[in-house]
Amino acid sequence: MSFKTNCLAAVAALALMCGAAQAQTLRYANQGELKSLDPYTVNETTTNAHLGHPYEGLTARGKDLKIEPALAEKWEVSDDGLKWRFFLRKGVKFHNGEDFTADDVIFSAERVRAPGSNFTTRIPTDAKFTKVDDYTIDVTLSSPNPILNAQWDTWYIMSKKWAEANNAVAPTPAAATTPSHASLNANGTGPFKIESHQPGVKTVFKVNENWWNKKVEHNLKEIVFTPIASDATRVAALLSGEVDVIEPVPIQDIQRVNSAGNVQVMTGPELRTIFLGMDQTRDELLESNVKGKNPFKDPKVRQAFYQAIDIETIKSRVMRGLSTPSPLMIAPELFPHAGFTRAKFDTEASKKLLAEAGYPNGFEVGMDCPNDRYVNDGQICQAVVGMLARAGIKVNLNAQPKGQYFAKVLKSGGYKTSFYLLGWTPGTFDSHNVLNDILGCRDVAGSSRGESNLGGYCNKKVDALTDKILVEPDRAKRDAMIKEAFKITVDEFAYIPLHQQALAWGVSKKVKLTQRADNSVLLYYATKE
12 MSFKTNCLAA VAALALMCGA AQAQTLRYAN QGELKSLDPY TVNETTTNAH
62 LGHPYEGLTA RGKDLKIEPA LAEKWEVSDD GLKWRFFLRK GVKFHNGEDF
112 TADDVIFSAE RVRAPGSNFT TRIPTDAKFT KVDDYTIDVT LSSPNPILNA
162 QWDTWYIMSK KWAEANNAVA PTPAAATTPS HASLNANGTG PFKIESHQPG
212 VKTVFKVNEN WWNKKVEHNL KEIVFTPIAS DATRVAALLS GEVDVIEPVP
262 IQDIQRVNSA GNVQVMTGPE LRTIFLGMDQ TRDELLESNV KGKNPFKDPK
312 VRQAFYQAID IETIKSRVMR GLSTPSPLMI APELFPHAGF TRAKFDTEAS
362 KKLLAEAGYP NGFEVGMDCP NDRYVNDGQI CQAVVGMLAR AGIKVNLNAQ
412 PKGQYFAKVL KSGGYKTSFY LLGWTPGTFD SHNVLNDILG CRDVAGSSRG
462 ESNLGGYCNK KVDALTDKIL VEPDRAKRDA MIKEAFKITV DEFAYIPLHQ
512 QALAWGVSKK VKLTQRADNS VLLYYATKE
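Everything in the sequence shown is counted per our numbering, starting at 12 for the first residue and increasing by one.
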């Protein structure tokens, strides 16, 4: 068969930053805990970054977010785009000493698409994996997919033998109440091993001296991760030197941290969109005083919620100016917002829309929100509750740590939410991901489309455009279809996009660290004096 080569060589050699520097222990704190070590449990950037230390994908993303070779050292695509061939890296060992081979890739492809996985959209459901030899894999598709491997940096490869020996063949669902072996232990090929893991308390990563990639940039011997939910306690730990890196720095503390002398705040734009979603699937909401029908099925109600939210007040008072209000479900760096504007904040218009929809006195609804995942997520939800109250909507807020939150609202928990806040960075850094995963219909059995569409919004015309967008090679035609699809969802008030938040990492001046725009804290880029 005829192939065109996408990647001909391994990752370009990186400058050695460490030299003969003494190996160090780096202590890192985040507002949320690392609940599970199973790499297929929760598709969430912070968890993916944690697990990117012991685990690796066939591809990786560099500091500039471009796809690079990792466990696959190169790949080729057939002229018709229906077959990809991956050449696997030889000589790679899992942490327990087992050889990495094609069998592990095929096993991981099956496991990541199995019930309970939160990563089913990583690989098309119809993709067929075939072992050519121990270090060559063919992936056959029913239709071209030019961005097939764009999310594979966080599709982490697991050991088939290890999983089978430890009763961990099935992925651990986010809603699981009993931990599995894979949720408490890890056996990857990455630059760090898991030394110990106490969920919610501490996780210790030890350097993998036998890592295949000899172009090591860090000088760390271990990483000690401690979740610190309290903003004040987390900042105090940084200022005292108890920890070296924290994420995030509360925006109200940025100036204080920068003036401390021994630490600094690394800031920058983030590609994540924070938004509100509504259950548009059930005939009756799970958490509402409206019985026998679902108010969110009416676009007037969705518009009323949208226009009741004062996004500028959220920006100025809750986010202290460190957010960019958004009319779309994707950051402008990934798709331009030209031609799109937010619906005007207007409480009186919201009341009128509710009355027209049959709710002149408003109604009551539950709201789910994480309080340790995004920047000021709990405060944003509290602000939204107050704004909706002025329009006559009583919101019963359920703000809780991300472990409990995701266990409830994700697919494995049965999408048990009526109204919720979520954040999303497209794994491919492409609009197709948003249109497929967040805005795609989830009503087709066996399809992974819409896996993270918690509210079940569905428009078949958007799905049809999404399928065309995936295979369209002409950039102008593709962008026109993306714009058309987004316009449909905007006009229907499918979601309520809020803003793109800003990055804010607190870092000791003894530490040098790369800040990526996807907010992945990857400590294999870190050096410490």
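Beta carbons: idealized from backbone N, C-alpha and C, even for Gly. The model shown is predicted, which means the values in this text are computed figures rather than measured ones.
By the three-class DSSP mapping on this structure, what secondary structure does Cys452 have? Three-state DSSP puts Cys452 in coil, outside helix and strand.
Excluding the five sequence neighbours on either side, which residues of its own chain have a C-beta within less than 7 Å of the C-beta of Val329, listed in chain order? Closer than 7 Å at Cβ, skipping near neighbours: Asn387, Gln390, Ile391, Ala394.
With DSSP as the reference, label Asp149 as helix, strand or coil. In this structure, Asp149 counts as strand in the three-state DSSP scheme.
For Ser251, the residue or residues it bridges with in DSSP: DSSP, once it has assigned bridges, lists no residue as partnering Ser251.
Identify the continuous alpha helix (DSSP H) that holds Pro310 and give its terminal residues. In the DSSP assignment, Pro310 falls within the unbroken alpha helix (DSSP H) covering 310–318.
Which first and last residues belong to the beta strand (DSSP E) in which Leu433 is found? In the DSSP assignment, Leu433 falls within the beta strand (DSSP E) that extends over 430–435.
Using a Cβ-Cβ cutoff of less than 6 Å, which residues in the same chain neighbour Asn59 once the five nearest sequence positions on both sides are dropped? Contacts found: Thr165.
Residue environment, Asp529, which counts as buried when at least 16 other CB atoms sit within 10 Å: Result: buried.
Gly434: buried (16+ other C-beta within 10 angstroms of its C-beta) or exposed? By the 10 Å Cβ count, Gly434 comes out buried.
Proximal residues to Asn177 (C-beta, below 8 Å), its chain only, five neighbours per side dropped: Around Asn177, the same chain offers His192, Ala193, Asn196 as residues with beta carbons nearer than 8 Å, after the five sequence neighbours per side are excluded.
Should Gly288 go down as buried or exposed, given a rule of 16 or more other Cβ atoms within 10 Å for buried? The residue in question, Gly288, is buried, as its Cβ has 16 or more Cβ neighbours within 10 Å.
Where does the unbroken alpha helix (DSSP H) through Thr358 begin, and where does it stop? Segment 358–367, the alpha helix (DSSP H) holding Thr358.
Distance, Cα to Cα, Ser170 vs Lys204? If you take the alpha carbons of Ser170 and Lys204, they lie about 14 Å apart.
Determine the direct distance from the alpha carbon of Lys479 to that of Thr16, and round the result to whole angstroms. Residue confidence is low: Thr16 scores 47 on pLDDT, short of 50, so the model does not pin down where it sits. Its coordinate-derived value is still stated next. Roughly 24 Å separates the two Cα atoms.
In the segment 500–540, which residue ranges form an unbroken beta strand (DSSP E) of at least 3 residues, counting only runs that do not cross its ends? Runs found: 507–519.
Thinking C-beta only, is Gly43 closer than 8 Å to Pro412? Yes.
Please classify Ala24: is it buried, with 16 or more other beta-carbons within 10 angstroms of its beta-carbon, or exposed? Low local confidence applies: a pLDDT of 35 at Ala24 is under 50, so the model's placement there is unreliable, and no value is given.
Spatially closest choice to Arg8 from Thr112, Gly403, Asp474, Met398, by CA coordinates: Nothing in the structure corresponds to residue 8, since the chain is present only between 12 and 540.
Residues that Leu287 bridges to, as DSSP identifies them: Bridge partners of Leu287: Leu432, Ile507.
Kindly give me the distance between the Cβ atoms of Leu476 and Ala496, rounded to whole angstroms, as I take these residues to be in contact under 8 Å. Contact holds; Cβ gap of about 4 Å.
When you compare only the Cα positions, how much space is there between Ile449 and Gln314? Each residue's Cα considered, the two are about 19 Å apart.
Can you check DSSP and say which residues form a bridge with Asp39? The sequence as given places Tyr at residue 39; Asp does not occur at that position. BP columns for Tyr39 point to Phe236, Val256.
Neighbourhood of Gln526 by C-beta distance below 8 Å, restricted to the same chain and skipping five residues each side: Listed in chain order, the non-local C-beta contacts of Gln526 below 8 Å within the same chain comprise Met277, Gly279, Leu514, Trp516, local neighbours out to five positions each way being set aside.
Which value, in whole angstroms, describes the spacing of the CA atoms of Arg267 and Met492? A straight line joining the alpha-carbon of Arg267 with that of Met492 spans about 46 Å.
On the three-state DSSP scale, how would you describe Glu281? Three-state DSSP puts Glu281 in a strand.
Could you check whether Tyr317 and Ile507 sit closer than 8 Å to each other, using their CB atoms as the reference points? In this structure, the beta-carbon distance from Ile507 to Tyr317 falls below 8 Å.
Taking just the CA atoms, how far does His106 sit from Asn8? This structure cannot settle anything about residue 8, because the visible part of the chain is limited to 12 through 540.
Per-residue DSSP class, three states only, for Ile265: Assignment of Ile265 by DSSP, reduced to helix, strand and coil, places it in the helix class.
Please work out which residues of its chain come closer than 6 Å, Cβ to Cβ, to Val235, disregarding the five sequence neighbours upstream and downstream, and give them in chain order. Only Arg38, Val215 meet the Cβ criterion.
What do you reckon, are the CB atoms on Ala402 and Thr439 nearer than 8 Å? Taking 8 Å as the Cβ cut-off, Ala402 and Thr439 do not qualify as a contacting pair.
Just to confirm the assignment, what range does the alpha helix (DSSP H) spanning Glu121 have? Here the alpha helix (DSSP H) through Glu121 covers 113–123.
Other residues of its chain near Arg122: CB distance less than 8 Å, five sequence neighbours each side excluded: So the list reads Tyr51, Ser128, Met169, Ala174, Val180, Ala181, Pro182, once near-sequence residues are dropped.
Every unbroken alpha helix (DSSP H) within the segment 334–405, with a cutoff of 4 residues, ordered by chain: List check, alpha helix (DSSP H) in window: 358–367, 388–401.
Through-space distance from Tyr167 to Pro9, alpha-carbon basis: This structure gives no information on residue 9, because the portion of the chain shown stretches from 12 to 540.
Could you check where the alpha helix (DSSP H) with Trp173 kicks off and where it finishes? Taken as a continuous stretch (DSSP letters only), the alpha helix (DSSP H) holding Trp173 covers 171–176.
Which of helix, strand or coil DSSP assigns to Leu82: DSSP places Leu82 in coil when its eight states are reduced to three.
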